[in-house]
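Heads up: the protein sequence lines correspond to chains A and B, in order. For any residue, its number in the numbering used here is found by taking its place in the first sequence, counting from 1, and adding 23. For any residue, its number in the numbering used here is found by taking its place in the second sequence, counting from 1, and adding 23. Heads up, the beta-carbon is just placed ideally off N, CA and C, and yes, glycines get one too. In what follows, a single structure is set out as structure tokens and then discussed.
2 protein chains.
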Amino acid sequence: MPADTKDRIVEAGAELFQRQGFAGTGIKQILASAQAPFSSLYHFFPGGKDELGAAAIKVSGTRYQQLVEAVFDAAPDIERGVRDCFEGAADTLRATDYADACPIATVALEVASVNEPLRIATAEVFDAWIVSATQRFRAAGITPKRSRHLALTTIMLLEGAFVLARALRSTEPLESAGATALAETRAALAARRRA
Amino acid sequence: MPADTKDRIVEAGAELFQRQGFAGTGIKQILASAQAPFSSLYHFFPGGKDELGAAAIKVSGTRYQQLVEAVFDAAPDIERGVRDCFEGAADTLRATDYADACPIATVALEVASVNEPLRIATAEVFDAWIVSATQRFRAAGITPKRSRHLALTTIMLLEGAFVLARALRSTEPLESAGATALAETRAALAARRRA
DNA sequence: GTCTATACTTTGATAGAC
DNA sequence: GTCTATCAAAGTATAGAC
């Protein structure tokens with residue numbers, strides 16, 4: 024629960040953008056949800072909706088990364104970490120009636136070709152995720168090149184599973200994606216042992 | 024090049040929805056792009072924007088499936104078909120300045136939690152894709168269960184790669200996803216041979 | 001089927017008092 | 001920092017003549 028007004032606005036924006044998209048969410052709805060006065064938007068964000076959007080992307084993208092890293096840190100090994108990520112994502116989807124998946128994917132697709140500043144904001148988040156995951160695999164002894172490939176694959180499987188899961192209202196995609204991510208991780212670990 | 028007015032409207036809507044999303048595209052923009060009179064929208068689509076959206080999802084989703092099936096039909100074997108799909112998608116992304124990826128993913132994420140009729144329209148398209156890909160793998164001798172898993176994995180890798188590629192303005196994700204899809208396909212084919 | 005005109009709502013954004 | 005009032009523009013949708 025954020026303390027000051029600015030934080031409440033960013034949090035409310037992040038949540039609504041995640042569920043309804045950027046264009047589909049009005050700033051009045053955000054301020055009402057944040058229980059903040061209307062004028063405070065332009066007080067804290069002179070750049071208006073776009074500036075708020077960039078802040079929301081950064082905050083929710085960073086928080087999701089921390090969440091995933093916490094899952095990996097809590098797991099006994101990296102294979103379990105991968106598995107727990109997909110299972111946790113499936114749990115969240117079910118618990119939120121298939122509303123909460125990736126915090127920025129919807130906005131990323133919306134803005135990719137029409138709003139360059141926001142596109143860059145989403146790119147920076149994805150970049151950070153890739154770097155973080157790559158580092159995690161490298162720490163497990165996988166080669167740098169293969170670690171990046173595995174990081175990309177894991178993230179793409181998760182993002183693709185989110186698209187299908189939300190549309191189909193099923194966690195079958197998450198289970199399938201998790202199994203593939205696990206198989207790829209094991210293959211990379213096996214290659215490491217052979218080296 | 025569609026002949027009559029209704030087709031032009033659907034085509035224009037499909038293209039704009041794909042690139043800018045559903046909420047981010049106005050019906051006036053669609054009609055202007057289709058060079059159609061404003062009143063004809065409600066003549067052909069009494070249900071307004073939502074009905075047009077459902078028609079656009081169905082048309083572009085079906086066409087994309089046919090495109091992919093044509094790629095597989097033209098390939099000498101299923102492994103090459105998988106590879107050609109990802110390479111073709113990468114070519115299209117580069118050729119369109121990272122605008123044309125999945126025709127319905129943006130809309131699917133936007134509407135999943137806020138517009139049930141459109142969510143169902145996207146689900147029907149994804150379902151058809153999954154069934155089509157599953158059948159394709161089964162025809163190659165892979166078991167039904169594993170064929171569905173492989174179909175889901177392939178589609179998810181493509182969708183996830185589209186998200187990252189458009190945000191990062193890079194085809195690296197497509198290359199990585201294609202390599203993983205190919206590896207999974209080969210593993211499934213190898214398991215078939217052992218049976 | 002198409003044309004013009006328009007109703008109504010919501011949008012993002014601003015001004016000025018307090 | 002917040003309040004009220006308000007703006008112009010864009011949004012969807014409808015009516016009625018032709």
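At the level of alpha carbons, what is the spacing between residue i and residue j?
i: B/P69; j: B/I143; result: 19 Å
i: A/Q58; j: B/V105; result: 50 Å
i: B/L197; j: A/P60; result: 44 Å
i: A/P25; j: A/V33; result: Here A/P25 scores only 45 on pLDDT, less than 50, and its place in the model should not be relied on; the value that follows carries that caveat. In a straight line, the C-alpha of A/P25 is about 9 Å away from that of A/V33.
i: B/G164; j: B/G84; result: 27 Å
i: B/S56; j: A/T145; result: 29 Å
i: B/A122; j: B/L116; result: 6 Å
i: A/A156; j: A/D120; result: 28 Å
i: A/A37; j: B/A214; result: 45 Å
i: A/I153; j: B/L191; result: 11 Å
i: A/T284; j: A/V82; result: The displayed coordinates of chain A run from 24 to 218. Any statement about residue 284 of chain A would go beyond what the structure contains.
i: A/E207; j: B/H66; result: 52 Å
i: A/I53; j: B/N138; result: 19 Å
i: A/I178; j: B/T177; result: 14 Å
i: A/L141; j: B/A97; result: 39 Å
i: B/A118; j: A/P99; result: 45 Å
i: B/V148; j: B/K168; result: 21 Å
i: B/Q88; j: B/Q158; result: 13 Å
i: A/R171; j: A/R86; result: 21 Å
i: B/A35; j: B/D73; result: 15 Å
i: B/S62; j: A/S62; result: 38 Å
I think residue i touches residue j, with their Cβ atoms under 8 Å apart; what is that distance to the nearest whole Å?
i: A/R189; j: B/A135; result: 4 Å
i: B/F160; j: B/A151; result: Going by Cβ atoms, the distance from B/F160 to B/A151 rounds to 15 Å, so no, they are not a contact pair.
i: A/I6; j: A/I80; result: With chain A running from 24 to 218 in the structure shown, residue 6 of chain A is simply not present.
i: B/L90; j: B/L75; result: Rounded, the Cβ-Cβ distance is 22 Å, inconsistent with contact.
i: B/G44; j: A/G44; result: 6 Å
i: B/L132; j: A/L132; result: 6 Å
i: A/A124; j: B/A46; result: So it is not a contact: roughly 18 Å between Cβ atoms.
Between residue i and the rest of its own chain, which residues show a CB-CB distance below 8 Å, the 5 nearest in sequence each way excluded?
i: B/A200; result: F109, L180, L181, G183, A184
i: A/L3; result: There is no way to answer for residue 3 of chain A, as the model of chain A reaches only from 24 to 218.
i: A/A210; result: none
i: B/R31; result: P25, A57, Q58, A59
i: A/G111; result: V94
i: A/R216; result: none
Using C-beta distances below 7 Å, list every residue in its chain close to residue i, excluding the 5 sequence neighbours before and after it, in chain order.
i: A/L205; result: E102, V105, R106
i: A/I203; result: Note that residue 203 of chain A corresponds to Thr in the displayed sequence, not to Ile. Closer than 7 Å at Cβ, skipping near neighbours: L180.
i: B/E92; result: S155
For residue i, which residues from the same chain have a beta carbon less than 6 Å from its beta carbon, with the 5 sequence-adjacent residues on both sides left out?
i: A/A113; result: T194, L197
i: A/F40; result: T48, A79, V130
i: A/R42; result: A122
Listed in chain order, which residues of the stretch 24-53 of chain B have Cβ atoms closer than 7 Å to some Cβ of chain A? So the list reads R42, Q43, G44, A46, G47, given in the order they occur along the chain.
Between the stretch 121-142 of chain A and chain B, which residues of the former have a C-beta closer than 7 Å to a C-beta of the latter? Hits within the stretch, in order: Y121, A122, A128, T129, A131, L132, E133, A135, S136, V137, R142.
Using a beta-carbon distance cut-off of less than 8 Å, what residues from the stretch 93-111 of chain A approach chain B? So nothing in the stretch comes that close.
Any C-beta of chain B within less than 8 Å: which residues of the stretch 187-213 of chain A qualify? Of all residues in the stretch 187-213 of chain A, L187, R189, A190, L191, R192, E195, P196, S199, A200, A202, T203, A206, E207, A210 have a Cβ within less than 8 Å of some Cβ in chain B.
Positions along the stretch 58-75 of chain A whose CB lies within less than 8 Å of some CB in chain B: Across the stretch 58-75 of chain A, no CB contact with chain B closer than 8 Å is found for any residue.
If the cut-off is 7 Å on Cβ atoms, which residues from the stretch 75-90 of chain A count as contacting chain B, listed in chain order? Residues: none.
For the stretch 156-170 of chain A, list every residue whose C-beta sits within 7 Å of some C-beta in chain B, in sequence order. Within the stretch 156-170 of chain A, no residue places its CB atom closer than 7 Å to a CB of chain B.
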